[in-house]
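Structure, as structure tokens:
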Amino acid sequence: MTDSSLSPIGAWSPTMEPALLRPQKPVPSAPELAAHLAAKLCHDFISPASAIMSGVDLLSDPSAQDMRDDALNLISASARKLADMLAFARVAFGASASAEAFDSEALRKLTEGVYAHVRPNLDWQVETPIIQKPGARALLNMAQIAASALPTGGIATVKAEPVGSSIFLTVDARGARARLRPEVVAGLNGESLGEGLGGHWVQAYYLHAIVSATGGRCTADISEERVLLGAAVPN
Numbered sequence: 374m375t376d377s378s379l380s381p382i383g384a385w386s387p388t389m390e391p392a393l394l395r396p397q398k399p400v401p402s403a404p405e406l407a408a409h410l411a412a413k414l415c416h417d418f419i420s421p422a423s424a425i426m427s428g429v430d431l432l433s434d435p436s437a438q439d440m441r442d443d444a445l446n447l448i449s450a451s452a453r454k455l456a457d458m459l460a461f462a463r464v465a466f467g468a469s470a471s472a473e474a475f476d477s478e479a480l481r482k483l484t485e486g487v488y489a490h491v492r493p494n495l496d497w498q499v500e501t502p503i504i505q506k507p508g509a510r511a512l513l514n515m516a517q518i519a520a521s522a523l524p525t526g527g528i529a530t531v532k533a534e535p536v537g538s539s540i541f542l543t544v545d546a547r548g549a550r551a552r553l554r555p556e557v558v559a560g561l562n563g564e565s566l567g568e569g570l571g572g573h574w575v576q577a578y579y580l581h582a583i584v585s586a587t588g589g590r591c592t593a594d595i596s597e598e599r600v601l602l603g604a605a606v607p608n
């Protein structure tokens with residue numbers, strides 16, 4: 374049963390007409406939004422970067438040569454995580470060169486790179502071969518938000534369904550303790566950050582902005598052990 378107090382955005386279904394959500398609070402300024410995005414990305418990257426430096430320090434310590442294999446493993450795993458997150462962020466948040474459309478297989482690999490370093494598992498069921506940039510960005514951000522909504526693990530099922538000139542995107546996150554933070558709900562509603570963590574809010578607000586700019590809408594339905602994210606955008 375949906376908890377409407379946690380999900381003011383409302384439930385999503387492919388039959389819903391795309392509609393622009395009206396922010397309930399003043400929207401953030403462009404400099405404020407850029408600062409929050411930069412802070413989120415720095416937070417995401419600093420952990421693997423710091424782990425790489427810790428591994429390098431161990432290799433450089435003459436008294437820790439017995440930990441050489443551990444140091445190399447730490448450097449290797451952390452470098453892979455950093456590379457995966459950078460590749461993902463380049464498309465999800467960046468200009469990503471001049472590409473205006475993305476192969477869904479490439480999007481799957483980017484998303485798998487993120488899910489390789491979190492507890493939930495990814496079930497990629499996107500059969501649409503090509504997704505335009507707004508939809509591609511929306512789908513990646515929805516998938517990462519869904520991963521954060523499953524703190525103890527679970528399965529996030531990603532789908533994309535073409536309907537006429539639009540594409541309906543869903544990420545169905547199921548697992549114990551599945552939930553969306555209040556600041557994520559606020560961001561999805563197009564509201565400014567109130568209480569809570571800016572890093573969680575800004576990705577949800579960015580997703581709202583991407584989808585709203587196309588005249589579409591993003592939605593969330595929260596029930597016991599389930600968070601269903603949806604978006605409708607032109608394709």
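With positions in the sequence shown counted from 1, the corresponding number in the working numbering is that position plus 373. Here a beta-carbon is modelled for each residue, glycine too, at the ideal position from N, C-alpha and C.
Residue i to residue j, Cα distance in whole Å?
| i | j | result |
| --- | --- | --- |
| residue 504 | residue 483 | 14 Å |
| residue 407 | residue 560 | 14 Å |
| residue 554 | residue 447 | 31 Å |
| residue 493 | residue 437 | 35 Å |
| residue 685 | residue 473 | Because residue 685 is not part of the residues shown, which for the chain are 374 to 608, the question remains open. |
| residue 516 | residue 435 | 43 Å |
| residue 597 | residue 433 | 50 Å |
| residue 592 | residue 581 | 9 Å |
| residue 567 | residue 401 | 11 Å |
| residue 619 | residue 578 | The first residue shown for the chain is 374 and the last is 608, placing residue 619 beyond what the model contains. |
| residue 488 | residue 495 | 7 Å |
If I measure Cβ to Cβ from residue i and keep anything under 6 Å in the same chain, skipping five residues before and after, which residues do I get?
| i | result |
| --- | --- |
| residue 545 | 530, 601 |
| residue 543 | 532, 603 |
If we call anything under 8 Å between Cβ atoms a contact, is residue i one with residue j?
| i | j | result |
| --- | --- | --- |
| residue 460 | residue 604 | no |
| residue 569 | residue 551 | no |
| residue 455 | residue 404 | no |
| residue 538 | residue 608 | yes |
| residue 502 | residue 587 | no |
| residue 540 | residue 606 | yes |
| residue 419 | residue 452 | no |
| residue 475 | residue 444 | no |
| residue 490 | residue 442 | no |
Closer than 7 Å by C-beta to residue i: which residues in its own chain qualify, once you throw out the five before and the five after it? Chain order, please.
| i | result |
| --- | --- |
| residue 513 | 461, 464, 465, 480, 483, 484 |
Under 8 Å by Cβ, that's how I've got residue i and residue j pegged, so tell me the actual separation to the nearest angstrom.
| i | j | result |
| --- | --- | --- |
| residue 533 | residue 499 | 5 Å |
| residue 523 | residue 486 | With 8 Å as the limit, residue 523 and residue 486 do not qualify as a contact, their Cβ atoms being about 17 Å apart. |
| residue 575 | residue 409 | 4 Å |
Tell me which residues share the same chain as residue i and place their Cβ nearer than 8 Å to its Cβ, disregarding the 5 neighbours each side in the sequence.
| i | result |
| --- | --- |
| residue 573 | 521, 554, 556, 557, 560 |
| residue 429 | 444, 448 |
| residue 477 | 499, 500, 501, 502, 503, 504, 533 |
field: Uninterrupted beta strand (DSSP E) stretches inside the segment 514-577 (no shorter than 3 residues)
entry: Qualifying beta strand (DSSP E) stretches, in chain order: 528-536, 539-547.
- request: Tell me the start and end of each unbroken beta strand (DSSP E) in the segment 456-512 that is at least 3 residues and wholly inside, in chain order.
  value: You should have 474-476, 494-497, 503-505.
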